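J.: Below you'll find the structure I mean.
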Amino acid sequence: MNLIENPKAKNASPLGLSGVRQHGLSLLSLGAWLGRASFSRELFKKWLKDLKRRQLDVKALNKALSVSVAALAIYFTGNSAIGIVNTKKLPVFKFELSGKESGDVFQEGSFLKAASYYLEKVRQRDIFQLGPKKTEDSKEEAAEIGPSGEILEATQHLRLVGISWSNDPDAMLEDTKALKTFFVKRGQMLGDVRVQAIFKDKVVLSYRGEETELR
């Protein structure tokens, strides 16, 4: 019925389909692609021309960089000055003892004694010899008591024969035990006995920190 009433519709449909096919083929044709490429190339050329017209202002850029460098220099200079001022204002700590002398810093309940006690012990001790340091009183007492039995026993076989006096004197000592005579100077050793000093009329011998004389 539709074909009888509208005979043109039968012929219109094939023509429409052919038009769509031709349009689709034109999109995929070589000419269409060449046209698009030409359009893109022209668009790119136009963009390059616009870019050349908008060249950077070198002078303005240099001014901006100069201002930035000056600002950074002022910033670092200010920080350095502030740091120097702060170092001069460092706090000073003062330590004060609460009513006690500096030597007696130990508490009363401590088992340690006052520092003055240990300092006094150090003063009384001779670092070059074992035992306590010899004071003037102890030396006088030793002189009054005389040489000990040890040094007398160590030097009992030595006898002064003579002294040759000069700037560097010699002493002649006889060993009665070994039946020998020795010419000695200051500092020389005879066994464990040292010749401590030589005078015009005597020789001083030392043995284990003690001294005795031969005349």
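In my numbering, the protein residues as written are 112 to 326.
Beta carbons are placed, not taken as given, at the ideal position from N, Cα and C, and that holds for glycine.
Fair warning: this is a prediction, and the values are worked out from it, not measured in the lab.
1. Locate the alpha helix (DSSP H) running through T266, then write down its first and last residues.
2. Helix, strand or coil for E116? Go by DSSP, reduced to three states.
3. Out of I309, F187, V314, which has the shortest C-alpha to C-alpha gap to N278?
4. Along the beta strand (DSSP E) that carries A308, what are the first and last residues, could you check?
5. For T188, name the three-state secondary structure that DSSP assigns.
6. Could you spell out where the beta strand (DSSP E) holding A282 opens and where it closes?
7. How about L61 and L325: are their beta carbons less than 8 Å apart?
8. What are the start and end residues of the beta strand (DSSP E) that includes K291?
T.: Taking the structure as given:
1. Looking up residue 266 in the sequence shown gives position 155. That run of the alpha helix (DSSP H) goes 260–266.
2. Residue mapping note: residue 116 aligns to position 5 of the sequence shown, counting from 1. Confidence at E116 is low in this model, with a pLDDT of 47, below 50, so its placement is unreliable and no value can be given for it.
3. By 1-based counting over the sequence shown, the position of residue 278 is 167. Nearest option by C-alpha distance: I309.
4. In the sequence shown, the residue the question calls residue 308 occupies position 197. Residues 304–309.
5. Taking the sequence shown and counting its residues from 1, the one referred to as residue 188 is at position 77. The answer is helix: DSSP assigns T188 an H, G or I state.
6. Position 171 of the sequence shown, counted from the first residue, corresponds to residue 282. Start and end: 281–286.
7. The structure shown does not extend to residue 61, since the chain is modelled only from 112 through 326, so no value can be given for it.
8. As a position in the sequence shown, residue 291 is number 180, starting the count at 1. Looking at the DSSP string, the run of the beta strand (DSSP E) that includes K291 is 291–295.
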